[in-house]
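For the protein sequence lines, the chains are A and B, in the order given.
So the first sequence is numbered by full-length UniProt numbering: it starts at 1 and just counts up by one.
So the second sequence is numbered by full-length UniProt numbering: it starts at 1 and just counts up by one.
First the structure, in the form of structure tokens, and then the observations on it.
Number of protein chains: 2
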Amino acid sequence: MLLLFCVLFGYIYIYIFRIRKKLQFLLVYYSSGGLLAYADSNTNGAKSISVQCQNETQKKKVVVLGTGWASTSFLKDLDISSYDVQVVSPRNYFAFTPLLPSVTCGTVEARSIVEPVRNIIKKRNGEIKFWEAECLKIDPENKKVLCRSNIDENLAGSNEFCLDFDYLVIAIGAQVNTFDTPGVLEHCLFLKEVEDAQRIRRTVIDCFEKAVLPELTEEERKTNLHFVIVGGGPTGVEFAAELHDFIHEDLVKIYPSVKDLVSITLIQSGDHILNTFDERISSFAEQKFQRDGIEVLTGHRVMSVSQRMINMKTRSKGEDISIPHGMVVWSTGVGTRPVVKDFMEQIGQGNRRVLATDEWLKVKGLDDIYALGDCATVDQKKIMASSFNSFMFTSILILQEDISAIFKAADKDNSGTLTIEEFIDVVEDVVIRYPQVELHLKSKHLFEVTDLLKDVDGSDREEIDIEGFKLALSHVDKQTKSLPATAQVAVQQGAYLSMCFNKREKCKSEPEGPRKFRSGGRHEFRPFRYRHLGQFAPLGGEQAAAELPGDWVSMGRSTQWLWYSIYASKQVSWRTRFLVIGDWGRRFIFGRDSSRI
Amino acid sequence: MLLLFCVLFGYIYIYIFRIRKKLQFLLVYYSSGGLLAYADSNTNGAKSISVQCQNETQKKKVVVLGTGWASTSFLKDLDISSYDVQVVSPRNYFAFTPLLPSVTCGTVEARSIVEPVRNIIKKRNGEIKFWEAECLKIDPENKKVLCRSNIDENLAGSNEFCLDFDYLVIAIGAQVNTFDTPGVLEHCLFLKEVEDAQRIRRTVIDCFEKAVLPELTEEERKTNLHFVIVGGGPTGVEFAAELHDFIHEDLVKIYPSVKDLVSITLIQSGDHILNTFDERISSFAEQKFQRDGIEVLTGHRVMSVSQRMINMKTRSKGEDISIPHGMVVWSTGVGTRPVVKDFMEQIGQGNRRVLATDEWLKVKGLDDIYALGDCATVDQKKIMASSFNSFMFTSILILQEDISAIFKAADKDNSGTLTIEEFIDVVEDVVIRYPQVELHLKSKHLFEVTDLLKDVDGSDREEIDIEGFKLALSHVDKQTKSLPATAQVAVQQGAYLSMCFNKREKCKSEPEGPRKFRSGGRHEFRPFRYRHLGQFAPLGGEQAAAELPGDWVSMGRSTQWLWYSIYASKQVSWRTRFLVIGDWGRRFIFGRDSSRI
Chain A
1 MLLLFCVLFG YIYIYIFRIR KKLQFLLVYY SSGGLLAYAD SNTNGAKSIS
51 VQCQNETQKK KVVVLGTGWA STSFLKDLDI SSYDVQVVSP RNYFAFTPLL
101 PSVTCGTVEA RSIVEPVRNI IKKRNGEIKF WEAECLKIDP ENKKVLCRSN
151 IDENLAGSNE FCLDFDYLVI AIGAQVNTFD TPGVLEHCLF LKEVEDAQRI
201 RRTVIDCFEK AVLPELTEEE RKTNLHFVIV GGGPTGVEFA AELHDFIHED
251 LVKIYPSVKD LVSITLIQSG DHILNTFDER ISSFAEQKFQ RDGIEVLTGH
301 RVMSVSQRMI NMKTRSKGED ISIPHGMVVW STGVGTRPVV KDFMEQIGQG
351 NRRVLATDEW LKVKGLDDIY ALGDCATVDQ KKIMASSFNS FMFTSILILQ
401 EDISAIFKAA DKDNSGTLTI EEFIDVVEDV VIRYPQVELH LKSKHLFEVT
451 DLLKDVDGSD REEIDIEGFK LALSHVDKQT KSLPATAQVA VQQGAYLSMC
501 FNKREKCKSE PEGPRKFRSG GRHEFRPFRY RHLGQFAPLG GEQAAAELPG
551 DWVSMGRSTQ WLWYSIYASK QVSWRTRFLV IGDWGRRFIF GRDSSRI
Chain B
1 MLLLFCVLFG YIYIYIFRIR KKLQFLLVYY SSGGLLAYAD SNTNGAKSIS
51 VQCQNETQKK KVVVLGTGWA STSFLKDLDI SSYDVQVVSP RNYFAFTPLL
101 PSVTCGTVEA RSIVEPVRNI IKKRNGEIKF WEAECLKIDP ENKKVLCRSN
151 IDENLAGSNE FCLDFDYLVI AIGAQVNTFD TPGVLEHCLF LKEVEDAQRI
201 RRTVIDCFEK AVLPELTEEE RKTNLHFVIV GGGPTGVEFA AELHDFIHED
251 LVKIYPSVKD LVSITLIQSG DHILNTFDER ISSFAEQKFQ RDGIEVLTGH
301 RVMSVSQRMI NMKTRSKGED ISIPHGMVVW STGVGTRPVV KDFMEQIGQG
351 NRRVLATDEW LKVKGLDDIY ALGDCATVDQ KKIMASSFNS FMFTSILILQ
401 EDISAIFKAA DKDNSGTLTI EEFIDVVEDV VIRYPQVELH LKSKHLFEVT
451 DLLKDVDGSD REEIDIEGFK LALSHVDKQT KSLPATAQVA VQQGAYLSMC
501 FNKREKCKSE PEGPRKFRSG GRHEFRPFRY RHLGQFAPLG GEQAAAELPG
551 DWVSMGRSTQ WLWYSIYASK QVSWRTRFLV IGDWGRRFIF GRDSSRI
């Protein structure tokens, strides 16, 4: 046995040692998408340093807050030859958050889904600086951010510092939204950070260890083994499924005495779980959960949570219901972080729920501050309503409607009516500037924008006046939707913003955005446009549901395989990819670990 | 890329799914060392339950405290058909403690070295019960232990419970020994539990993250990056080596700005580090550390530790030295846990440092309570000194010496002198009962016990009187040594005790132990005898030193390979074995992770 290991290990050791260098090289190659000019940077070392110093004085300072999806996606493609970049975040790692529900039950280990930020930015030749600290205050007037490290005070040196910026990118994500429900912060667990997932894992084990102790009544054991999930969105549903699998595949085997006392309840205020998904997926999930014995309480609103009870009201009859619980996981919506709230008050957005940006991801009313990911929302300009402009404690109501400006700009001969030709001349810019127009056409099954100008009978018109124009576009704004708080949106926003940053100089002279109808000229960049690539909902028992591009819906075992493949390929590094796949394999063979660490 | 993953994963999935059952079967086979009679237990289910119930009333209750090396080794081989076993421990897992230093730096993950206790006892057909709780009080008079679960009070049911026992096995290990040095508990990290190792890992990253923050002076950065280890034993030395590797192989690459400010200091009160090892190993380690830039301060005694400073005194000149630190890891000796301290006071061992047992691992003066592993020490009976017997608050000093009793028992003809024949008749029992005799012979390079009876000139004697006999054995007791607090001792003790438990009934009628010289008759069992199998000291940089059986000493790279093989083969389950080997492989390819989680 020993000898076998000795020999085996010796071989593996030698082999790995030999191919290590080669592998590292390959990994760098793959990760960065091409060969890095290593030799180059070495031979011209002295020269490049002097060039760098010269550049640095001219470089604009970019401060990025956060190390989540939006921020890493922004940093990945940013051309650092023209910017001096500093990143601030209390987490020195990037976490692959879609796998958090898997971490709660040990299907995947916490370390397998995180990648140190310094590893990510190291690939950019060390020119990006990272500080592990929390941003306490954003000062848009003086262009400064105040930061404080969360590290224990017992290390030498001050924990606070200030950073100047020319451009600020706010991508600090969101915090949990309790909707001010009493007792939630004190008695519920959440699923936003890696630590949350680890805490849930420990608590599940605690509930079982407590339930099997001697001298407990059957009722007490049942209470401790009642797991409640509040929120029927993708995260809540995936967690419920993972928990069910963990309990029924692993825990009942080692806690056989209490296996019949376990129950899982999923509470959803709406009529269906997964209500952002296609109806077929939603009902497939509900049926699967029913078969699995997961109780789904739709139309129930949680009123308060106490140490041992969760209190609800049914939406239909207004009845009050209280059920005892061992653990409650709260997974409903996103809330604004205090530093963003404070910033919003400073810039006159205090009465809004979420920080608003324009379609170029610029914070409304500010010039050099951008916000992306879960901490902000793109406030899509309406074509009909009067626009509202706010800047630094002052707000000016501009009464002029966008549609009038468009009409005026299009009506070149000032005839008071638009011909089809005149309309076609502006239509591309209109579609780029107001994406709701395209969505409206799609919803009405129209193929050409000019179809909008047809009269009520559907016949073509030669000309249209301002009232007719308004009537034609009157329902367009209904199609403005705020983007979901998902990794997909954040990644696309990050990539979009880095592209804007990279061609900032070029686009100053050669603007590529749509026409400014009111002030004339063109926007520098095309506005951000979100492209939905579909979404997954793993439902446990090796089954998943997915909405795929082109309105495809896929459900069952094969979808779970697709999920495995996509999630493996989307990993941020080869290291995490190997680890995650290794974890899946380990789970298949050995099951999930139930040690309370 | 995606397709590749899809296909690859599909294949792996199917393959694993097919061989899963087979694998699980094989693992059970390997782990338990043979096939379990699964089919048997199923077909005769009803019958076996009734038999079981009948048995249970007759079964003696054994309570085992602890889930460390001693306890799991005891449980592994215990014949549970004759005992009703309950295990109590605040940790629901067994930890492979020799790999803790590797966990501190992420060479191996914490989860890879732990195995749930329930997995270990599951293999015993679920007849062993486990409670995750801490033992608060041992009541030897009423044969009860009071336990309390450490789980948060917010779960339903009482956390306290009482267990009755017929036999109690105390194997709860030791806690850290601060030698009452001020500030150690508050400002130092330890290396006894898995959580300690995880805390060290986070702290090392904290020190680096803090040191690179802006607005710190060079002095402050240096202070934060000064890592101090107190204690030059195997654990302290291995940790220093691991830390050095972690810093120089991984951290300096991602914190390049501070790489020249890092320092590691190892403080040892004795003259050499690794002073329980062979001198060659000790000096090899010192030389290696010197080359690596690890400062070794021998002959320094730590007087106190404060938030930023560690204060020492040199042993030679009595000078006071204070050095600033970023982190101190305290790794010196073992101390007694409060519950054991309290128990010792109850049984009149209050003035002792460690709980004392006899050579049969029975707590001195008690009949049915055993103690093994780090929480106890075997008080080797001396052949010359007067024996001291204590029982429940009363102590009786027996003035008669063992050697006189031996002489009396051997002198069958009551002639007042022993002939060689008479001596040979008792010698086997003497050697078994007093292992120091054999050690003495070895140290004097004597081959036969009868050589002891030779006169001062080395000539054989026909007869020997009581004074001559005492003179011959006068130096024997110098060879009694207390056993080291290692996993090896604990495992051997656990295995020994389970063997005693298994043949308790048989040995009552057919005692197999040595002769009782004073009271006549025989001891039921042979006393516990420790067999030293050697020890390792990994020194970093793929080098290790080892003392092997037969006084062999091995140092260098090949020893590290041997270390890998032995540590892999010694893993408690196939799961941890695969995980640990996987972790080593991952470290070779990708390095260690520096995410602060």
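Each residue gets a CB set at the ideal place from its N, CA and C atoms; glycine is no exception.
At a cut-off of 8 Å between beta-carbon atoms, Q543 of chain B makes no contact with chain A.
Using a Cβ-Cβ cut-off of 8 Å, N154 of chain A counts as an interface residue toward chain B, since at least one Cβ of chain B sits closer than that to its own.
Chain-ordered, the chain A residues with CB closer than 7 Å to the CB of Q307 of chain B read N154.
Residue range 93-95 is occupied by the beta strand (DSSP E) that includes F94 of chain B. Residue pairing of K60 of chain B in beta bridges, as defined by DSSP: B:Y83. When 9 Å is used as the limit between beta carbons, V63 of chain B is near no residue of chain A, the shortest such separation being about 12 Å. In the displayed model, M555 of chain A falls within a strand according to three-state DSSP.
In this structure, R118 of chain B lies near I254 of chain A, with their beta-carbon atoms less than 8 Å apart.
DSSP places D164 of chain A inside the beta strand (DSSP E), whose first and last residues are 160-164.
R518 of chain A and K381 of chain A have their C-alpha atoms spaced approximately 13 Å apart. Listed in chain order, the positions of the segment 77-102 of chain B with a beta carbon within less than 8 Å of a beta carbon of chain A are R91, N92, Y93.
Taking a 10 Å sphere around the C-beta of R592 of chain B, we find 16 or more other C-beta atoms and assign the residue as buried. For K122 of chain A, at least one C-beta of chain B is nearer than 8 Å to its own C-beta. Scanning chain B for C-beta atoms nearer than 9 Å to the C-beta of C207 of chain A yields I151, L155, reported in chain order. Around the Cβ of L533 of chain A, a 10 Å sphere holds fewer than 16 other Cβ atoms; the residue is exposed. When Cβ pairs closer than 8 Å are counted between the two stretches, the segment 193-210 of chain B is seen not to touch the segment 284-294 of chain B, the count staying below three. Among the CB atoms of chain B, none fall inside 8 Å of the CB of I424 of chain A.
Here the C-alpha atom of D278 of chain B lies approximately 15 Å from the C-alpha atom of T559 of chain B. In terms of Cα proximity to Q198 of chain B, the closest of B:V237, B:E220, B:V108 is B:V108. The alpha-carbon separation between M384 of chain B and S282 of chain B amounts to approximately 35 Å. Contact annotation for K210 of chain B against chain A: S149, I151, L155, G157 [CB-CB distance below 7 Å, chain order]. Residues of the segment 574-593 of chain B with a Cβ closer than 8 Å to any Cβ of chain A, in chain order: W574, R575, F578, L579, I581, G582, G585, R586, F588, I589, F590, D593. The beta carbon of S316 of chain A sits closer than 7 Å to those of G299, all from its chain and outside the five residues before and after it, given in chain order. At least one C-beta of chain A is nearer than 8 Å to the C-beta of L216 of chain B.
Under DSSP, R148 of chain A takes part in a beta bridge, and its partners are A:E134, A:E160.
Counting along the chain, A240 of chain A sits inside the alpha helix (DSSP H) bounded by residues 234-245.
For G521 of chain A, DSSP records no beta bridge to any residue.
Around the Cβ of K508 of chain A, a 10 Å sphere holds fewer than 16 other Cβ atoms; the residue is exposed. In the DSSP assignment, N311 of chain B forms a beta bridge with B:S304, B:S322. C-alpha of D583 of chain A to C-alpha of V328 of chain A: approximately 26 Å in a straight line.
For the pair of segments examined, the segment 572-579 of chain A was found not to touch the segment 70-79 of chain B: the number of CB pairs separated by less than 8 Å stays below three. Chain B has a Cβ within less than 8 Å of the Cβ of F161 of chain A. Among the residues of the segment 178-194 of chain A, those with a Cβ less than 8 Å away from any Cβ of chain B are H187, V194, in the order of the chain. When C-beta distances to chain B are compared with 8 Å, the residues of the segment 310-335 of chain A below that value are P324, G326, in chain order.
For the alpha helix (DSSP H) assignment, the uninterrupted runs of no fewer than 4 residues enclosed by the segment 542-591 of chain A are, from N- to C-terminal side, 557-569, 574-590. The segment 299-311 of chain A and the segment 349-362 of chain A do not touch, with fewer than 3 CB-CB distances between them shorter than 8 Å.
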